[in-house]
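Engineer: Take the sequence shown: its letters are residues 1 to 495, numbered as in UniProt numbering. Quick one: the structure is below, and I'll ask about it shortly.
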Amino acid sequence: MINHFVGGAPWTGRSTRRGDVYDPATGKVSAEVAFASTADVAAAVDVATGAARQWRDASLARRTAVMFAFRQLLHARRDELAAAITAEHGKVLSDAAGEVQRGLEVVEYACGIPTLLRGGFSENVSTEVDSYSLRQPLGVVAVISPFNFPAMVPLWFVPIAIACGNAVVLKPSEKDPSAPTLLAQWFAEAGLPPGVFNVVHGDAEAVDALLDHAGVRAVSFVGSTPVARHVYQRGTAAGKRVQALGGAKNHMVVLPDADLDLAADAAVSAGFGSAGERCMAISVVVAVEPVADELVARIAARLDGVRTGDGRRPGCEMGPLVTGAHRDRVVSYVKAGVDAGATAVVDGRTVEPDGEPGGFWLGPTLFDHVTPEMSIYTDEIFGPVLSVVRVASYDEALALVNANPYGNGTAIFTNDGGAARRFQHEVEVGMVGVNVPIPVPMAYFSFGGWKASLFGDTHAHGREGVHFFTRGKVVTSRWLDPRHGGVNLGFPTQS
Ligand code: NAD
């Protein structure tokens with residue numbers, strides 16, 4: 001049984017609701033996870049509130065020491081964390097290790113919190129009056145994360161929130177709850193006081209309880225667009241600061257002058273890595289004619305060599321989907337694509353996986369001649385399905401990308417610097433790659449999409465993360481001089 005982690009220790013909570021956790025490569029239930037009730041969430045927020053009052057006064061030196069110690073533990077145990085991810089998510093071990101690495105980088109960024117929180121000072125803003133700015137923690141903040149990065153997405157927020165002096169209640173995905181629970185245990189081992197980082201497991205009931213609780217000051221959410229919209233609306237209606245990162249439909253534009261081998265490699269890596277269950281996965285290749293025939297042939301040739309199977313077995317490059325229900329949903333899109341008249345160049349339903357027959361398998365699927373009204377184009381499938389849309393010009397490609405309701409990531413493949421520069425200037429997407437298919441920003445930049453891929457105005461980690469988890473204060477001070485001037489009812493101005 002996977003328990004909550006509250007007040008520095010595992011906690012079963014009072015609710016008797018539970019969920020099943022699967023090993024997606026076998027299709028068998030591997031554990032049960034506790035589902036928090038509204039009352040359980042309230043109990044966790046109470047604990048966090050008490051801890052936040054103390055932790056806000058911890059010196060920057062102390063916070064940094066905890067962060068460095070946590071970084072050491074995480075680095076030393078990265079293989080253990082990757083194994084926990086693979087066992088419940090299904091992604092192959094090397095991919096899970098990559099996720100841990102990207103999370104680790106945010107921890108390293110948070111180790112620089114003394115510099116990141118440093119304010120400004122101006123002497124003599126008025127005669128003998130000084131002004132300085134501070135950024136202070138919010139109190140208790142909630143993080144709600146999706147199944148597809150059970151370690152990295154919590155690590156986008158939690159280290160920065162804690163380093164800024166907040167206490168955190170994390171509600172991870174109920175599909176792969178073990179990795180985030182390990183993070184909380186290891187933070188405790190690193191010397192973080194009890195109650196500063198708490199994990200409550202559960203489903204919509206726990207999420208809504210966090211959104212409604214008056215003691216939660218801010219919410220960082222990552223997940224699908226309908227839930228992101230709900231979280232943003234309900235959280236802001238309750239007076240909270242909310243950043244809600246949503247779904248995606250990421251387009252990769254290939255211009256006629258591109259290196260087609262590079263583009264085909266990138267399309268396969270970014271389309272099928274993690275079985276397409278990445279918010280920055282490429283799901284649409286926009287082939288600007290006359291490259292489409294050649295590009296599709298090169299992508300298809302590469303798919304012949306992609307081995308689908310148990311992520312723990314050497315040589316497997318693509319694992320199963322996270323649950324049987326999700327696999328069935330993705331299969332229904334493959335069927336809908338065929339029915340709508342798209343050409344299934346490679347059909348993943350015929351895959352022979354290197355794994356147990358009960359696993360949630362689907363092989364890579366490549367569709368050509370996809371048109372914008374087909375459901376395989378309009379919907380976020382979140383699986384190993386790559387669609388090729390053929391267009392006649394750069395302008396048509398740009399218009400297609402900009403007409404899409406999502407705006408998370410995009411890429412352009414070209415050897416024309418001028419075209420690439422024009423694209424990065426004109427495209428309405430938050431993260432842009434030039435000959436780079438998955439342009440996930442480093443920890444010291446900020447991660448976030450536009451349009452239906454982000455509700456709120458602050459992106460994750462980097463300076464925007466520090467800003468999100470703190471509020472500004474400006475102090476104006478005068479230490480009295482014997483010459484002070486007496487009563488003045490006028491509005492303060494410079495003098
Ligand atoms: P999801 O929206 O189903 O779940 C996300 C979280 O919300 C989970 O913790 C879940 O328990 C909770 N939740 C689910 N339904 C809810 C409801 N009705 N009310 C309240 N809470 C609810 O997402 P998922 O399937 O876990 O993750 C995949 C999605 O996340 C994809 O759409 C993907 O694009 C998106 N994603 C986006 C980013 C990004 O940075 N924009 C990153 C990773 C994943």
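Even glycine gets a Cβ: it sits at the ideal position worked out from N, Cα and C.
Around the C-beta of residue 53, are 16 or more other C-beta atoms found within 10 angstroms, so that it is buried, or is it exposed?
Structural biologist: Within the sequence shown, the letter at position 53 stands for residue 53. Sixteen is the threshold: since fewer than 16 other Cβ atoms of the shown chains lie within 10 Å of the Cβ of residue 53, the residue is exposed.
Engineer: What residue does the alpha helix (DSSP H) around residue 295 start on, and which one ends it?
Structural biologist: In the sequence shown, the residue the question calls residue 295 occupies position 295. Residue 295 -> alpha helix (DSSP H) spans 292 to 303.
Engineer: Rounded to whole angstroms, what's the CA-CA distance from residue 322 to residue 227? Just pull it up for me.
Structural biologist: By one-based count along the sequence shown, residue 322 stands at place 322. By one-based count along the sequence shown, residue 227 stands at place 227. Roughly 19 Å between the two C-alpha positions.
Engineer: Are the CB atoms of residue 93 and residue 319 within a distance shorter than 7 Å?
Structural biologist: The residue given as residue 319 occupies position 319 in the sequence shown. The residue given as residue 93 occupies position 93 in the sequence shown. The answer is no: Cβ separation not under 7 Å.
Engineer: If we ignore side chains and look at the alpha-carbon of each, how far apart do residue 474 and residue 138 end up?
Structural biologist: In the sequence shown, residue 474 corresponds to position 474, counting from 1. In the sequence shown, residue 138 corresponds to position 138, counting from 1. About 16 Å.
Engineer: Select from 106, 385, 405 the residue whose C-alpha is nearest the C-alpha of residue 347.
Structural biologist: Counted from its first residue, the sequence shown places residue 347 at position 347. For residue 347, the nearest C-alpha among the options comes from 385.
Engineer: Flag residue 173 as yes when its Cβ comes closer than 6 Å to any non-hydrogen atom of ligand 1, and as no otherwise.
Structural biologist: Taking the sequence shown and counting its residues from 1, one reaches residue 173 at position 173. Short note on residue 173: C-beta closer than 6 Å to some heavy atom of ligand 1.
Engineer: Residue 404 and residue 251 look like a contact to me (Cβ under 8 Å); what is the Cβ gap, rounded to whole Å?
Structural biologist: As a position in the sequence shown, residue 404 is number 404, starting the count at 1. As a position in the sequence shown, residue 251 is number 251, starting the count at 1. That pair is a contact at about 7 Å.
Engineer: Just tell me which of 450, 481, 445 has its CA closest to the CA of residue 102.
Structural biologist: Taking the sequence shown and counting its residues from 1, the one referred to as residue 102 is at position 102. Checking every option, the nearest Cα to that of residue 102 belongs to 445.
Engineer: Across which residues does DSSP place residue 130 in a beta bridge pair?
Structural biologist: Within the sequence shown, numbered from 1, the residue matching residue 130 stands at position 130. Beta-bridge pairing links residue 130 to 477.
Engineer: Suppose you measure from the CA of residue 283 to the CA of residue 411; what does that come to, to the nearest Å?
Structural biologist: Looking up residue 283 in the sequence shown gives position 283. Looking up residue 411 in the sequence shown gives position 411. When rounded, the distance between both Cα atoms is 11 Å.
Engineer: With distances taken Cα to Cα, identify the nearest neighbour of residue 462 among 358, 349, 443, 417.
Structural biologist: The residue you call residue 462 lines up with position 462 of the sequence shown. It is 443.
Engineer: Flag this pair as yes or no: are the beta carbons of residue 375 and residue 408 separated by less than 7 Å?
Structural biologist: Residue numbering aside, residue 375 sits at position 375 when the sequence shown is read from its first letter. Residue numbering aside, residue 408 sits at position 408 when the sequence shown is read from its first letter. In this structure, residue 408 does not lie closer than 7 Å to residue 375 by Cβ.
Engineer: What residues match up with residue 386 in a beta bridge as DSSP calls it?
Structural biologist: Taking the sequence shown and counting its residues from 1, one reaches residue 386 at position 386. The partner list for residue 386 (beta bridge, DSSP) reads 366.
Engineer: Is residue 223 near ligand 1 - that is, is its Cβ less than 6 Å away from at least one heavy atom of it?
Structural biologist: Reading the sequence shown from its first residue, position 223 is the one you call residue 223. For ligand 1, at least one heavy atom lies less than 6 Å from the Cβ of residue 223.
Engineer: Give the DSSP-derived three-state secondary structure of residue 58 in the structure shown.
Structural biologist: The residue given as residue 58 occupies position 58 in the sequence shown. Residue state, collapsed to three classes: coil.
Engineer: Measuring straight from C-alpha to C-alpha, what distance separates residue 58 and residue 169?
Structural biologist: Along the sequence shown, one-based indexing puts residue 58 at 58. Along the sequence shown, one-based indexing puts residue 169 at 169. One C-alpha to the other measures close to 19 Å.
Engineer: Taking 7 Å as the threshold (C-beta atoms), are residue 96 and residue 86 in contact?
Structural biologist: Numbered from 1 along the sequence shown, position 86 holds the residue referred to as residue 86. Numbered from 1 along the sequence shown, position 96 holds the residue referred to as residue 96. It is a contact, given that the beta carbons lie within the stated cut-off.
Engineer: Cα separation between residue 164 and residue 111?
Structural biologist: Here residue 164 is taken as the residue at index 164 of the sequence shown, counted from 1. Here residue 111 is taken as the residue at index 111 of the sequence shown, counted from 1. The alpha-carbon atoms of residue 164 and residue 111 are separated by roughly 11 Å.
Engineer: Please indicate yes or no: does the CB of residue 203 lie closer than 6 Å to some heavy atom of ligand 1?
Structural biologist: For the purposes of this step, residue 203 is taken as residue 203 along the sequence shown, with counting starting at 1. It does: the Cβ of residue 203 is within 6 Å (strictly closer) of some heavy atom of ligand 1.
Engineer: Per DSSP, what are the beta-bridge partners of residue 31 in this structure?
Structural biologist: By one-based count along the sequence shown, residue 31 stands at place 31. Looking at the DSSP assignment, residue 31 forms a beta bridge with 21.
Engineer: Which residue from 29, 77, 366 puts its Cα closest to that of residue 358?
Structural biologist: Sequence index remark: in the sequence shown, residue 358 carries index 358 (1-based). Nearest option by C-alpha distance: 29.
Engineer: What residues are listed by DSSP as bridge partners for residue 171?
Structural biologist: Position 171 of the sequence shown, counting from 1, holds the residue named residue 171. Answer is 144.
Engineer: Per DSSP, which residues does residue 450 bridge with? Please list them.
Structural biologist: Residue 450 sits at position 450 when you count from the first residue of the sequence shown. For residue 450, which the question treats as bridged, DSSP gives the partners 407.
Engineer: What are the uninterrupted segments assigned as alpha helix (DSSP H) that are 4 or more residues long and contained completely in the segment 414 to 474, given in chain order?
Structural biologist: 417 to 426, 462 to 468
Engineer: Hey, how far is the Cα of residue 11 from the Cα of residue 181?
Structural biologist: For the purposes of this step, residue 11 is taken as the residue at position 11 of the sequence shown. For the purposes of this step, residue 181 is taken as the residue at position 181 of the sequence shown. The alpha-carbon atoms of residue 11 and residue 181 are separated by roughly 11 Å.
Engineer: According to DSSP, which residues form a beta bridge with residue 318?
Structural biologist: On the sequence shown, position 318 is the one that residue 318 refers to. The partner list for residue 318 (beta bridge, DSSP) reads 308.
Engineer: Excluding the five sequence neighbours on either side, which residues of its own chain have a C-beta within less than 7 Å of the C-beta of residue 156, listed in chain order?
Structural biologist: Locating residue 156 in the sequence shown gives position 156, where the first residue counts as 1. The answer, listed in chain order, is 106, 447, 460, 461.
Engineer: Taking the alpha-carbon of residue 218 as reference, which of 61, 234, 299, 334 has the nearest alpha-carbon?
Structural biologist: Translated into positions along the sequence shown, residue 218 becomes position 218. Checked all of 61, 234, 299, 334; the closest Cα to residue 218 is 234.
Engineer: Using only the heavy atoms of ligand 1, determine whether one of them is closer than 6 Å to the beta carbon of residue 456.
Structural biologist: On the sequence shown, position 456 is the one that residue 456 refers to. Flag unset: Cβ of residue 456 not near ligand 1.
Engineer: Rounded to a whole number of angstroms, what is the C-alpha to C-alpha distance between residue 478 and residue 194?
Structural biologist: Numbered from its first residue, the sequence shown carries residue 478 at position 478. Numbered from its first residue, the sequence shown carries residue 194 at position 194. Between residue 478 and residue 194, the C-alpha separation is close to 40 Å.
Engineer: Would the C-beta of residue 453 count as close to ligand 1, meaning under 6 Å from any of its heavy atoms?
Structural biologist: Here residue 453 corresponds to residue number 453 of the sequence shown, with the count starting at 1. Checking the Cβ of residue 453 against ligand 1 gives yes.
Engineer: May I have the straight-line CA-CA distance separating residue 305 from residue 361, to the nearest angstrom?
Structural biologist: Working through the sequence shown from its first residue, we reach residue 305 at position 305. Working through the sequence shown from its first residue, we reach residue 361 at position 361. Roughly 17 Å between the two C-alpha positions.
Engineer: For residue 252, does the three-state DSSP call read helix, strand or coil?
Structural biologist: Mapped onto the sequence shown, residue 252 falls at position 252. It is a strand residue.
Engineer: Just mark residue 124 as buried or exposed, buried being the case when its beta carbon has 16 or more other beta carbons within 10 Å.
Structural biologist: Taking the sequence shown and counting its residues from 1, one reaches residue 124 at position 124. The residue is exposed, with fewer than 16 neighbouring Cβ atoms inside 10 Å.
Engineer: Based on the DSSP output, what are the partners of residue 11 in its beta bridges?
Structural biologist: Your numbering for residue 11 matches position 11 in the sequence shown. Answer by DSSP bridge pairing, in chain order: 4.
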